[in-house]
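A.B. asks: Using the UniProt record's numbering, you'd call the opening residue of the sequence shown number 1 and step up by one each time.
Just so it is clear, CB atoms sit at the ideal spot from N, CA and C, and this is done for glycine as well.
What follows is a structure written as structure tokens; I'll ask about it next.
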Amino acid sequence: MLRYDARGHGYSTGRAVAGDYTWECLSADLLALLDAYFPDEQVHGVGPSMGCATLLHAAVRDPGRFCGFTFMLPPTGWETRAAQAAHYLSRADFIELNGMDALLIAESMGAHPPAETGVPDTVPDIATGLLPWAYRGAAASDLPPRDAIRGIAVPTTILSWVDDPGHPTSTAIELTRLLPDAQLRIATTPAEVRQWPRHLCDDVARYGT
1 MLRYDARGHG
11 YSTGRAVAGD
21 YTWECLSADL
31 LALLDAYFPD
41 EQVHGVGPSM
51 GCATLLHAAV
61 RDPGRFCGFT
71 FMLPPTGWET
81 RAAQAAHYLS
91 RADFIELNGM
101 DALLIAESMG
111 AHPPAETGVP
121 DTVPDIATGL
131 LPWAYRGAAA
141 SDLPPRDAIR
151 GIAVPTTILS
161 WVDDPGHPTS
171 TAIELTRLLP
181 DAQLRIATTP
191 AEVRQWPRHL
201 CDDVARYGT
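Below is the structure:
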């Protein structure tokens, strides 16, 4: 198993360059890591949000690399991406003007998906100086074209939840329609989200290598 921090996130370093954080660039990073750690092997890919998008781009670039996927909280894409991109650009400017703490306070006042009830707020695991650039990279990104996604013919589980504008069920439903071998689970309660690790373990046991 390989777990890694994406460029600029967690323990991984990064630059203040928006292009470094586009989903296409992050997918190239992922494929390079797989070449280094699992040469000539297929893997089961798991990722939430940005990680889901990274895996989709990687699968389009190198479809033979993957034997299956578990996608959690697919992000906005296609028709819903423009509004989210504008939101990310606004966040980037806000952080540079007001700082991370002000952003966290502002976001804590917003509504949360019902499946997140009782879950503590999280803090982005990325340096304040890099976060605006990560947002700008995300704003410049989109999911692969629909026709390209139709060619990803490996077993896929998609886990989503309701009432999250940044991770709408519309994306999850569309991915389920496009992918030839996909199943979808939509959570409405925290109890259903707590089942996600079991679904992930089942996927890895069933399709992982």
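Alpha carbon to alpha carbon, how far is Pro-168 from Leu-184? Give it in angstroms, no decimals.
C.D. replies: Approximately 13 Å between the Cα atoms of the pair.
A.B. asks: Rounded to whole angstroms, what is the Cα-Cα separation between Glu-116 and Thr-189?
C.D. replies: Looking at the two C-alpha atoms, the distance is approximately 7 Å.
A.B. asks: Tell me whether Glu-41 is buried or exposed, calling it buried when 16 or more other Cβ atoms sit within 10 Å of its Cβ.
C.D. replies: Result: exposed.
A.B. asks: Quick check: Pro-75 and Met-50, are their CB atoms within less than 8 Å of each other?
C.D. replies: Yes; because the gap between Cβ atoms is below 8 Å, this pair is in contact.
A.B. asks: Helix, strand or coil for Gly-137 per DSSP?
C.D. replies: Here Gly-137 sits in helix by DSSP.
A.B. asks: May I have the straight-line CA-CA distance separating Val-154 from Ala-191, to the nearest angstrom?
C.D. replies: Computed Cα separation, rounded: 28 Å.
A.B. asks: Is the Cβ-Cβ distance between residue 219 and Val-204 less than 8 Å?
C.D. replies: Outside the displayed range of the chain (1 to 209) lies residue 219, so it cannot be described from this structure.
A.B. asks: Could you tell me the boundaries of the alpha helix (DSSP H) in which Met-100 lies?
C.D. replies: Here the alpha helix (DSSP H) through Met-100 covers 100-108.
A.B. asks: Taking Ser-160 as part of the beta strand (DSSP E), name the residues at either end of that continuous run.
C.D. replies: Here the beta strand (DSSP E) through Ser-160 covers 156-161.
A.B. asks: Determine the direct distance from the alpha carbon of Thr-156 to that of Val-17, and round the result to whole angstroms.
C.D. replies: Using only the alpha carbons, I get a separation of about 32 Å.
A.B. asks: Taking buried to mean at least 16 other C-beta atoms within 10 Å of its own C-beta, is Gln-84 buried or exposed?
C.D. replies: Gln-84 is buried by the Cβ-count criterion.
A.B. asks: Is Tyr-21 near Trp-133, with beta carbons less than 8 Å apart?
C.D. replies: In contact: Tyr-21 and Trp-133 (Cβ atoms closer than 8 Å).
A.B. asks: For Pro-145 and Leu-175, what's the separation of their Cα atoms in angstroms?
C.D. replies: Taking the straight line from one Cα to the other gives about 11 Å.
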